[in-house]
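A.B. asks: Protein chains in written order, with the working numbering: chain A, 277 to 388; chain B, 35 to 150.
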Amino acid sequence: GEDVEQSLFLSVREGDSSVINCTYTDSSSTYLYWYKQEPGAGLQLLTYIFSNMDMKQDQRLTVLLNKKDKHLSLRIADTQTGDSAIYFCAESMGDSASKIIFGSGTRLSIRP
Amino acid sequence: GAVVSQHPSWVICKSGTSVKIECRSLDFQATTMFWYRQFPKQSLMLMATSNEGSKATYEQGVEKDKFLINHASLTLSTLTVTSAHPEDSSFYICSARDWDSRLGAFFGQGTRLTVV
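(1) Write down the C-beta distance between Leu147 of chain B and Val115 of chain B rounded to the nearest angstrom, noting that I regard them as a contact closer than 8 Å.
(2) Identify which residue in A:Leu348, A:Glu314, A:Asp359 and A:Phe364 has its Cα closest to the Cα of Arg336 of chain A.
(3) For a contact meaning CB atoms closer than 8 Å, what does Gly142 of chain B contact in chain A?
(4) With H, G and I counted as helix, E and B as strand and the rest as coil, what does DSSP make of Glu86 of chain B?
(5) Beta-carbon within less than 8 Å of Phe378 of chain A's beta-carbon, same chain only, minus the 5 sequence neighbours each way: which residues are those?
(6) Can you pull the chain A neighbours of Thr148 of chain B, defined as C-beta to C-beta under 9 Å?
(7) Determine, for Lys375 of chain A, whether the minimum Cβ-Cβ distance to residues of chain B falls below 8 Å.
(8) Measure the Cβ-Cβ separation of Thr109 of chain B and Ser43 of chain B and say whether it is below 8 Å.
(9) Given His119 of chain B, which residues of its chain have a CB within under 7 Å of its CB, disregarding the five upstream and five downstream residues?
(10) Compare the C-beta of Ile127 of chain B with all C-beta atoms of chain A and state if any pair is closer than 8 Å.
(11) Taking beta-carbon pairs under 8 Å, can you tell me which members of the segment 97–122 of chain B lie near chain A?
(12) Based on the DSSP output, what are the partners of Trp133 of chain B in its beta bridges?
(13) Of all the CB atoms in chain A, is at least one closer than 8 Å to the CB of Ser77 of chain B?
(14) How far does the beta strand (DSSP E) with Gln320 of chain A in it reach, from first residue to last?
(15) When DSSP labels each residue in this structure, what does Asp334 of chain A get in the three-state scheme?
(16) Below 8 Å on the Cβ atoms is my contact criterion, and I expect Arg387 of chain A with Ser287 of chain A to pass it. Report the Cβ-Cβ distance as a whole number of Å.
(17) Quick one, which residues of the segment 320–336 of chain A are near chain B if we go by CB-CB under 9 Å, in chain order?
(18) Give every residue of the same chain whose Cβ lies closer than 7 Å to the Cβ of Leu284 of chain A, excluding the five residues on either side of it in the sequence, and list them in chain order.
(19) Ala64 of chain B to His41 of chain B, Cα distance in whole Å?
(20) Under the three-state reduction of DSSP, which class applies to Thr382 of chain A: helix, strand or coil?
Structure (structure tokens):
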């Protein structure tokens, strides 16, 4: 079945790197996503990675995918107070009608 | 990027009444929209997949008579919580997928429903 798991909390010091981890079970997933949710708001797509990629970098964000272990991570370099939010890992099949399955979310808090 | 608008942002209703939540894709056509419910401890639960012009597909454990979904056009899906009870109080979020499936789904801002 489909299952996506994340740790619930992460606390980092401002300026350090944050690494949020995620594991998934569906090996047929085509795309994997990271979403950000700020308090009281909907979800914002941060980045995605295709299942045949190992790494994707976008400014301060680096996504690593280990398909063998079904492990996905999001690294945020130089973490700022504005990065405080809940980060959701998600997986989906390839077509636009496929549902997206979310992890439980990781709440990232920033220490001064 | 694509914009999904959800209305209302929050609503308070009396127990036993029905509440309708709208989800609109503003600048793209969405043949498929999704309705999620978010519980206080963060997890996002998929309730149903809404397909334009056909019946919604409900996830296991979600009462289709309780949560009525209508997707009458390519830009609008509605979720009606019928005969609401306090346990239905939650944060409801809709999302829609564009044709470019790489982009996942775009989300509305959510609706906070409180049933008193």
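From the three backbone atoms N, C-alpha and C, an ideal C-beta is built for every residue, glycine too.
On a predicted model such as this, the values are computed, not experimentally measured, just so you know.
C.D. replies: In short:
(1) By one-based count along the second sequence, residue 147 of chain B stands at place 113. By one-based count along the second sequence, residue 115 of chain B stands at place 81. Their Cβ separation, rounded to whole angstroms, is 7 Å, which keeps Leu147 of chain B and Val115 of chain B in contact under 8 Å.
(2) Along the first sequence, read from residue 1 onward, the residue named residue 336 of chain A stands at position 60. When each option's Cα is compared against that of Arg336 of chain A, the closest is A:Asp359.
(3) As a first step, residue 142 of chain B must be located in the second sequence, where it is residue number 108. The CB of Gly142 of chain B comes closer than 8 Å to the CB of Gly318 in chain A, given here in chain order.
(4) As a first step, residue 86 of chain B is located in the second sequence; it is residue number 52 there, counting from the start. In the three-state reduction of the DSSP assignment, Glu86 of chain B falls in the coil class, being assigned neither a helical nor a strand state.
(5) Stepping through the first sequence from its first residue, residue 378 of chain A is reached at position 102. Same-chain partners within the cutoff: Val280, Tyr311, Phe364, Cys365 and Ala366.
(6) Translated into the one-based positions of the second sequence, residue 148 of chain B becomes position 114. The contacting residues do not exist; Thr148 of chain B stays about 13 Å from chain A at best.
(7) The count along the first sequence starts at 1 and reaches residue 375 of chain A at position 99. Closer than 8 Å: yes.
(8) For the purposes of this step, residue 109 of chain B is identified with residue 75 of the second sequence, where counting begins at 1. For the purposes of this step, residue 43 of chain B is identified with residue 9 of the second sequence, where counting begins at 1. The beta carbons of Thr109 of chain B and Ser43 of chain B sit no closer together than 8 Å.
(9) Looking up residue 119 of chain B in the second sequence gives position 85. Contacts found: Ser49 and Val149.
(10) Working through the second sequence from its first residue, we reach residue 127 of chain B at position 93. At least one beta carbon of chain A lies nearer than 8 Å to the beta carbon of Ile127 of chain B.
(11) From the segment 97–122 of chain B, no residue has a Cβ closer than 8 Å to chain A.
(12) Looking up residue 133 of chain B in the second sequence gives position 99. According to the DSSP secondary-structure assignment, Trp133 of chain B is paired through a beta bridge with no residue.
(13) Here the question's residue 77 of chain B lines up with position 43 in the second sequence. By this cut-off, Ser77 of chain B is an interface position.
(14) Position 44 of the first sequence, counted from the first residue, corresponds to residue 320 of chain A. Bounds of the beta strand (DSSP E) holding Gln320 of chain A are Leu319 to Phe326.
(15) Taking the first residue of the first sequence as position 1, residue 334 of chain A is located at position 58. It is a strand residue.
(16) Working through the first sequence from its first residue, we reach residue 387 of chain A at position 111. Working through the first sequence from its first residue, we reach residue 287 of chain A at position 11. Confirmed, Cβ separation roughly 6 Å.
(17) Sequence-ordered contacts of the segment 320–336 of chain A with chain B read Gln320, Leu321, Tyr324 and Phe326 [C-beta pairs closer than 9 Å].
(18) Taking the first sequence and counting its residues from 1, the one referred to as residue 284 of chain A is at position 8. Hits under 7 Å: Ser380, Thr382 and Arg383.
(19) Here residue 64 of chain B refers to the residue found at position 30 of the second sequence. Here residue 41 of chain B refers to the residue found at position 7 of the second sequence. Each residue's alpha carbon lies about 17 Å from the other.
(20) On the first sequence, residue 382 of chain A is found 106 positions in, with the first residue counted as 1. It is a strand residue.
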